[in-house]
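Visitor: Below you will find the structure I want to go over with you.
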Amino acid sequence: MTPSSQAPIPATLIPGDGIGPEIVTSVTRILEAIGAPLAWETQKAGMAAVTESLDPLPEATLASIRRTGLALKGPLTTPVGGGFRSINVRLREEFKLYANVRPAQTLIPGGRYDNVDIVLVRENLEGLYVGFDHYIPIDNDPHGAAISSGVNTRAGSRRIARYAFEYAIRNGRKKVTVVHKANILKALTGIFLETAMEMAKEYAGRLTVDERIVDACAMQLVLDPTQFDVILTTNLFGDILSDEIAGLVGGLGLAPGANIGENAAIFEAVHGSAPDIAGKGIANPIALLSAAAMMLDHIHHTDLGRIVRQAIHDVLVTDGIRTRDLGGTASTEEITGALLSRVTAQKR
Ligand code: NAI
Ligand code: MG
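Numbering-wise (the working numbering), the sequence shown opens with residue 220 and increments by one.
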């Protein structure tokens, strides 16, 4: 190893809101125990930042991510309806994090479904999340009608399709299913389908590429999730289906996600700030820990990523230690302790 590859890698750490600080503490303790070469720059965002500086996404936080190009982020609370725009969406736009990668794997056998191993690749910047969303007054009602427009571009569709196909090849996956609603949203999701299927021709013989309409896909996922390998889809459908696949394998407490762009990558859990259990010490840190394992893979420390995943398996399956969302009784502190024992056992 060259000295430079041993130098710690600067990375931004955002504890976030609600259960964020509890699970972030748990995860950084585990990363420290395995000697992950990360130099954290801790920064605020979300309600935690509003209380301090009135800005949910302070310039210091943005500057840090611009510098590091790498972040681990706790969940951020977004007020529903009014209030400020989702910080998560703003971060994706600011750093052009066009690919949202959300794996769902059976971790605990004997649950609803065994052998689920799906990776959902969601277009993260376009579609119905571009924010062309407004009310039109009718008579005396300022909210007499509501209008939303989606935008999918050929270039954006190409970029995400390329990412999904290359991801599939790199990770030894065999099939990519393009999910759309091109029978109804003929232009908006038609361009996405058409672009992906055109590009699929380049991968003939290396990947099977098929397509599904989103509603049929949602049903097929419940009937037999093992028929899916990689799912490639647009922003809104990806948001919905990624929660669905998380539910197939034990829920949000286990589901990680990566937001990948050209100049930055932000890793986070799929779940939100869980205000209902914040501060109670019972949050499951495993979703964020799995996101940290994806981050280790991303910075080419796949050996460390493997140690983390093995420890998660050992704790959940061999030790049977689980938090309440998984039907267990362990607190965040207890499961963190178990994970720490399991990572240190591997290092011996
Ligand atoms: P949520 O994911 O925070 O919670 C849904 C349910 O799952 C709750 O019952 C919660 O207790 C449970 N849960 C979530 N994570 C858990 C964990 N690690 N361990 C144990 N139980 C867990 O979704 P909700 O309630 O819809 O959103 C709360 C806030 O989070 C909102 O302000 C929302 O905008 C924000 N949010 C932020 C996200 C992010 O920062 N990436 C993603 C999703 C929501
Ligand atoms: Mg979501």
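Glycine included, each C-beta is placed from N, C-alpha and C at the ideal position.
What did DSSP end up calling residue 307 once you bin it into helix, strand or coil?
Guide: helix
Visitor: Would residue 468 and residue 335 qualify as a contact pair, given that the criterion is a beta-carbon distance under 8 angstroms?
Guide: yes
Visitor: How is residue 227 classed by DSSP in three states: helix, strand or coil?
Guide: Here residue 227 sits in coil by DSSP.
Visitor: Can you look up residue 368 in the DSSP assignment and give me helix, strand or coil?
Guide: strand
Visitor: Write down every uninterrupted run of the beta strand (DSSP E) in the region 252–285 whose length is 3 residues or greater and which is fully enclosed by it, in chain order.
Guide: Entirely contained in the region 252–285, the beta strand (DSSP E) runs reaching 3 residues are, in chain order, 257–261.
Visitor: Relative to the alpha-carbon of residue 185, which residue among 488, 414, 484 has its alpha-carbon at the smallest distance?
Guide: With the chain represented from 220 up to 567, any question about residue 185 goes unanswered, as that position is not in the structure.
Visitor: From this set, 409, 393, 415, which residue's C-alpha is nearest residue 382's C-alpha?
Guide: 415
Visitor: Please list, in chain order, all residues of the same chain as residue 412 whose beta carbon is under 7 angstroms from its beta carbon, the five residues on each side excluded.
Guide: 397, 399, 401, 430
Visitor: Could you check whether the Cβ of residue 544 sits closer than 7 angstroms to any heavy atom belonging to ligand 1?
Guide: yes
Visitor: Please give the ranges of any beta strand (DSSP E) in the region 427–488, keeping only runs that are unbroken, at least 3 residues long and fully inside the region.
Guide: 427–432, 449–452, 475–479, 484–488
Visitor: So the candidates are 463, 290, 546; which of them puts its Cα closest to the Cα of residue 260?
Guide: 290
Visitor: Mind the definition here: the region 366–383 touches the region 461–477 only if three or more C-beta pairs lie below 8 angstroms; say whether that holds.
Guide: No, because fewer than three Cβ pairs between the region 366–383 and the region 461–477 fall closer than 8 angstroms, the two stretches do not touch.
Visitor: In terms of alpha-carbon separation, which member of 530, 405, 230 lies closest to residue 369?
Guide: 405
Visitor: Starting from residue 411 and walking both ways along the alpha helix (DSSP H), at which residues does that stretch end?
Guide: 409–419
Visitor: Please state whether DSSP places residue 566 in a helix, a strand or coil.
Guide: helix
Visitor: Using the beta-carbon of each residue, find all residues closer than 6 angstroms to any heavy atom of ligand 2 and list them in chain order.
Guide: 458, 462
Visitor: Going by DSSP in three states, residue 335 sits in which element: helix, strand or coil?
Guide: coil
Visitor: For residue 247, is the beta carbon positioned less than 7 angstroms from some heavy atom of ligand 1?
Guide: For ligand 1, not one heavy atom lies less than 7 angstroms from the Cβ of residue 247.
Visitor: With a threshold of 7 angstroms, establish whether the CB of residue 487 neighbours any heavy atom of ligand 1.
Guide: yes
Visitor: Indicate the three-state DSSP secondary structure (helix, strand or coil) for residue 248 in the structure shown.
Guide: Residue state for residue 248 is assigned as helix, using DSSP reduced to three classes.
Visitor: Check each candidate in 328, 281, 326 and name the one with the smallest Cα separation from residue 313.
Guide: 281
Visitor: Let me know the secondary structure DSSP gives residue 524 once reduced to three states.
Guide: helix
Visitor: In the DSSP assignment, what residue or residues form a beta bridge with residue 345?
Guide: Beta-bridge pairing links residue 345 to no other residue.
Visitor: State the beta-bridge partners of residue 578 as determined by DSSP.
Guide: For the chain, the structure presents residues 220 to 567; residue 578 sits outside this window and is missing.
Visitor: What's the C-alpha gap between residue 345 and residue 481?
Guide: 16 angstroms
Visitor: Among all the DSSP beta bridges, which residues are the ones paired with residue 340?
Guide: Beta-bridge pairing links residue 340 to 320, 451.
Visitor: Check whether the region 269–285 and the region 442–454 are in contact - that is, three or more C-beta pairs closer than 8 angstroms.
Guide: no
Visitor: Between residue 242 and residue 502, how many whole angstroms is the CB-CB distance? I'm expecting something under 8 angstroms.
Guide: 5 angstroms
Visitor: Sorted by chain position, which residues of the same chain lie with C-beta nearer than 7 angstroms to residue 409's C-beta, five sequence neighbours on each side aside?
Guide: 401
Visitor: Count the other CB atoms, across all protein chains shown, that sit within 10 Å of the CB of residue 367; report buried if there are 16 or more and exposed otherwise.
Guide: exposed
Visitor: Is residue 295 near ligand 1, with its Cβ less than 7 angstroms from a heavy atom?
Guide: Yes; taking the cut-off as 7 angstroms, the Cβ of residue 295 has a heavy atom of ligand 1 nearer than that.
Visitor: Kindly give me the distance between the Cβ atoms of residue 473 and residue 497, rounded to whole angstroms, as I take these residues to be in contact under 8 angstroms.
Guide: Rounded to the nearest angstrom, the Cβ distance from residue 473 to residue 497 is 19 angstroms, too far for a contact under 8 angstroms.
Visitor: Check this for me: beta carbons of residue 253 and residue 523, under 8 angstroms apart or not?
Guide: yes
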